[in-house]
Structures are given as C-alpha cells and as structure tokens.
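Protein chains: 2
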Amino acid sequence: MPGTGETEQTKDRLLHAAGDEFARVGFGAASVRAICAAADANVSAVKYHFGSKEDLYLAVWMVAASQMVSSEPMPRAGDHDDPRDTLRAFVAWFMRLVLTESVSHPWAGQLLAHETVSPTPGALETFVRHCAGPIKEEMSRIVGAIVGRQAGTKTRDDLVFAVIALCVNAKHSRGILTKLGHPPPTTKAGINRMAKVMAEFAIGGLDGFANGAAH
Amino acid sequence: MPGTGETEQTKDRLLHAAGDEFARVGFGAASVRAICAAADANVSAVKYHFGSKEDLYLAVWMVAASQMVSSEPMPRAGDHDDPRDTLRAFVAWFMRLVLTESVSHPWAGQLLAHETVSPTPGALETFVRHCAGPIKEEMSRIVGAIVGRQAGTKTRDDLVFAVIALCVNAKHSRGILTKLGHPPPTTKAGINRMAKVMAEFAIGGLDGFANGAAH
DNA sequence: CGCAGAGTGAAACGCCTGTTTGACATCACG
DNA sequence: CGTGATGTCAAACAGGCGTTTCACTCTGCG
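Taken in sequence, the protein lines are chains E and G. Start counting the first sequence at 1; every next residue gets the next number (this note's numbering). Start counting the second sequence at 1001; every next residue gets the next number (this note's numbering).
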C-alpha cells in the first residue's frame, strides 16, 4: 500500500530480486522490468529508491561483498605453529567459501564471474577492496612463511596466485568441468575432500621453492 | 557491388567483424547492427549468409576452435623419458597458447570466457570437443605417469584439473590480478618464466601424491 | 535477347530496453 | 482542516534489438 512503512519492504524486495537477477545473467543482460516484476514493484521504484539501474547494481554489490566477508572468519597466518597447517585451514575455508555460496552469500560468486568477463566501472573495485585484497594479503603471509625469502618477489606472488587458483578453479570452471565428466563437489564432505587434495598439492608445490630449493 | 565475386568477401568480413565483437562483449551483448557496420555490410547479409545471429555465432566458434587447435602442436605424453619433462613442456605450451592469443587465435579465449559465464546452447560443446577434451586427455596421461596408480580416480582427476588451473588462471583472472598489482605476463619471456614456476609448482605438488605417498 | 538466381540495399516489422512523467494515495505535523 | 513529504502506479518517452520484406542490380546460361 502507499504511504509509509511499506517503503523499506519494497526497497528490500527490489534489492533481493535484483541480486538474484544480476547474479544469474549479469548487469547488461538483466532487465529492470524483470527485476521489478520479481519484486512485485513498479518500474519507477528503481529510480525512486536507488536512482538508476547502475546504482541498483552497485547497491547489490555492496550487500554481496559484505555478505561474503561476514561469513565464517578467515584463518590467520599465526593460527598454527606450522604454516602448512595454516595453509590447510585456509584452503579448506576458502574452498568452502567459494563452493558453498548459496546460503550465506548467494550472489557474490556469480556477480564476480560476470564482472570478470564484462567489467562494470566501480563494481570490481568494491570486490577487490573488501574481499580479494584481504584474502590475497593473508595468503601472501602464509605462502611467505612456507617458502621463506629465497624466492623473488615476482615468483612469490606467482605462487600466491597459484594457490588461489587451486581454490577457485572448481567454481569458476564448473561448466567445463561438468561437461568433461568431473563436476565440482557440492556437499560439505566432497568439498572438504577436494580441499585436502588441493592443500597437499599446494604444500608439495611450495616446498619445492622453500629454503633455497628454488629452480 | 552486387552480383557475384563480392559474396565471399562480404561473408568473410562479416565473420571477422562478428568474431571481434562476440569476443569483445559476448553473444548477448553483441549487436548485429554493430557487426554489420564494422563489416561494412547490410544487416540482411547476416540472414542471407548465415541464417541468424545465433548461426553466425556458431560459425565464429567453428573458426575460433580450429584456429586454436591449428596453432603450435600439443606436446604428447611420450615425448620425453621423464614425464616431468613432458609436463614442463606441456605447461609451457599451454600457457603460451592461453596467454598469447592475439596472433594465431584472437577470439577463442574471450569467447570461452563469455561462454563460461553465460552459456549458449551448442557453443561450449564445440569448444570441449575440439579443444578442452583433447587437452584434458593428454594432461591426464602425463599426470598419471607421474603419480602412478596409487591415487584414486577422483583424486587423479582433481590433480589434472589443478594443473590446468595453474595454466589458465593468469588469463582468466587477468582483471583481478591487474587490480591487485600483479598483471599476467604478455611477453614471450615473461610467459616462459611464469610457466617454469607453474611447472615446478605442479611437479612438486604431484610428487607428493606419487608412489603411495598420497595423504 | 530473356530469364533464373545470387547478392545487396533501405525501410519497416514487432518487441524490448532504461528512464521519465504526472496523477494519485497515504502519512505526519502544525 | 490544511499542507508537505513519502511512496506507488499506469502510461508514455526515445531508442535499440533481431528479423523480415521487397525492390533492385548484376552475372551466367540457354
């Protein structure tokens, strides 16, 4: 009904429907009319509550980014005596974060996937600052604790992103992996099993670069 | 001019302009009018020569896939006595294929990136059958030669795709990597350097699973 | 010459896009 | 009661979309 009180509800319904749609098809392919229909709201409500389609998109990104960081807390570099144990915990946490996204943060993963391919000014910055940056920093500390100072800066960064690649690949290449007969795990047990494999793979790879054993 | 002879030229110009545009913005966001303008052709030429926008897209995919496989030949599992040397060669070949794509196969990488996020019926199948499938099969043989039969099938496949992830991550995450201050290499020397790092990382990781040393 | 066919061109088809408008309800406050 | 702010609604805006139509030119062949 018109008047007061309903405002917040409409705005929230709009935000929720927009998150679903933007995550599903991306910014460009999403339709304001379809979002409003899903939210049971009038098209003009977008302008009234958010300003424009683009502002609505950025609002969705804000929510998605905050949903992501407010999930299970990130393991820190000093959590274990052996940095390899920290890496094991970190990989498991990261892969759970990436692969089980439907409950606590349903949008971030797909939003990011679309944004990676078709960047929108401002959106990637939000994600990098709130999510990717802190994760990379922490991973950098853990990897540094394993390989030591022997490897060059460039190589250490390569290794950091290599470990990250191991964690996010299953999510990102889901379509192709499925078509190749190796769909990514969806259950918690399956994810943990795969995370163990990835963690040991990463530790083995990093150990080759540790203590001057670099090539 | 109307008549004959010019036909092939118009069809080729359309195919080329469509490849550029589809690779740049993806199928959905690409405009037939923009493609025809770039190809200096009439909009009706798309229907005449290809049938529809979707058929034009599939035609572009055919060209892109054949361009990709007809580049530098893929290293085979038996090329070296030590499968680790084969892996080194394969990683270097794969990363060159993925990271230097502008010359011999300008479209496949971006087409695939868009397709991964917004699948189009038929297009992914073309890519998997002609490109991803053979690459995965060969990588599977190489990884199998290193880790032996100790690891389970599921784990072995995980490892295969882990190595693949190391090779394609730089390309796929280019946007985020650049924003995080670690842009992927573009020169041949830079790519080879990174390929060496990734290959040794992969070998170290795989060795941990070899000869019953699995966890 | 005459005619079938290939290929091109401008214009229109219906549909969808994001945005804007102005009228209309409902509330809180003086 | 009157007034301003808040929020909603149907309708229209201009423009882009993929596709289609039809007239047209030109070539090759009988």
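Heads up, the beta-carbon is just placed ideally off N, CA and C, and yes, glycines get one too. Model, not experiment: these values are computed from the prediction.
Rounded to whole angstroms, what's the CA-CA distance from Gly1005(G) to Ala1041(G)? Just pull it up for me.
-> Note that Gly1005(G) has pLDDT 44, beneath the 50 cutoff, so the model's placement of it is unreliable and the number below is only indicative. Using only the alpha carbons, I get a separation of about 15 Å.
Does DSSP put Phe50(E) in a helix, in a strand, or in coil?
-> coil
To the nearest angstrom, report how far apart Ser71(E) and Met62(E) are at their CA atoms.
-> If I take the Cα positions, the gap works out to 15 Å.
Alpha helix (DSSP H) runs contained entirely in the segment 1028-1089 of chain G, provided each spans 4 or more residues = 1032-1039, 1044-1049 and 1053-1069
Taking Cβ to Cβ, would you say Phe1090(G) is nearer than 8 Å to Pro1075(G)?
-> yes
When Ala151(E), Val32(E) and Ile135(E) are compared against Gly51(E), the one with the closest alpha-carbon = Val32(E)
Among residues of its own chain, excluding the 5 on either side of Ala1202(G), which ones have a beta-carbon nearer than 8 Å to its beta-carbon?
-> Leu1087, Val1091, Ala1162, Val1163 and Leu1166
Since Ser70(E) meets chain G, which of its residues come closer than 8 Å, beta carbon to beta carbon?
-> Result: empty, since nearest Cβ-Cβ is about 21 Å, beyond 8 Å.
Quick one: Cα of Asp20(E) to Cα of Trp107(E), how far?
-> Distance between the alpha carbons of Asp20(E) and Trp107(E): 7 Å.
Of the choices Ser1104(G), Gln1110(G) and Ile1142(G), whose alpha-carbon is the least far from that of Gly1078(G)?
-> Ile1142(G)
List, in order along the chain, the chain G residues whose C-beta lies closer than 8 Å to that of Thr155(E)?
-> Val1197
Flag Ala1180(G) as yes if its beta-carbon sits less than 8 Å from any beta-carbon of chain E, otherwise no.
-> First, the residue type needs correcting, since residue 1180(G) is Leu and not Ala in the sequence shown. Yes, because at least one Cβ of chain E sits closer than 8 Å to the Cβ of Leu1180(G).
Can you give the beta carbon distance from Ile1286(G) to Arg1096(G), rounded, assuming they're within the 8 Å contact cut?
-> No answer is possible for residue 1286(G): the residues shown for chain G start at 1001 and end at 1215.
Nearest-angstrom Cα distance between Val1098(G) and Lys11(E)?
-> About 44 Å.
What residues in the segment 82-113 of chain E bring their beta carbon closer than 9 Å to a beta carbon of chain G?
-> Gln110, Leu112 and Ala113
What first and last residue would you give for the alpha helix (DSSP H) that runs through Leu1206(G)?
-> Lys1188 to Asp1207
C-alpha distance - Lys229(E) paired with Gly28(E), whole-angstrom precision = Residue numbering for chain E in the displayed model covers 1 to 215; residue 229(E) lies beyond these limits and cannot be assessed.
How many Å lie between Tyr1048(G) and Glu1138(G) at the Cα?
-> 41 Å
Given Leu1124(G), which residues of its chain have a CB within under 6 Å of its CB, disregarding the five upstream and five downstream residues?
-> Glu1115
Taking all protein chains shown into account, decide if Ala132(E) is buried (16 or more other Cβ within 10 angstroms of its Cβ) or exposed.
-> buried
Measuring CB to CB, does His105(E) end up less than 8 Å from Gln67(E)?
-> Annotated as proximal: His105(E) and Gln67(E), with beta-carbon spacing under 8 Å.
Within 10 angstroms of the Cβ of Arg1156(G), are there 16 or more other Cβ atoms? Answer buried if so, exposed if not.
-> buried
Quick one: does Asn1192(G) have its CB under 8 Å from some CB of chain E?
-> no
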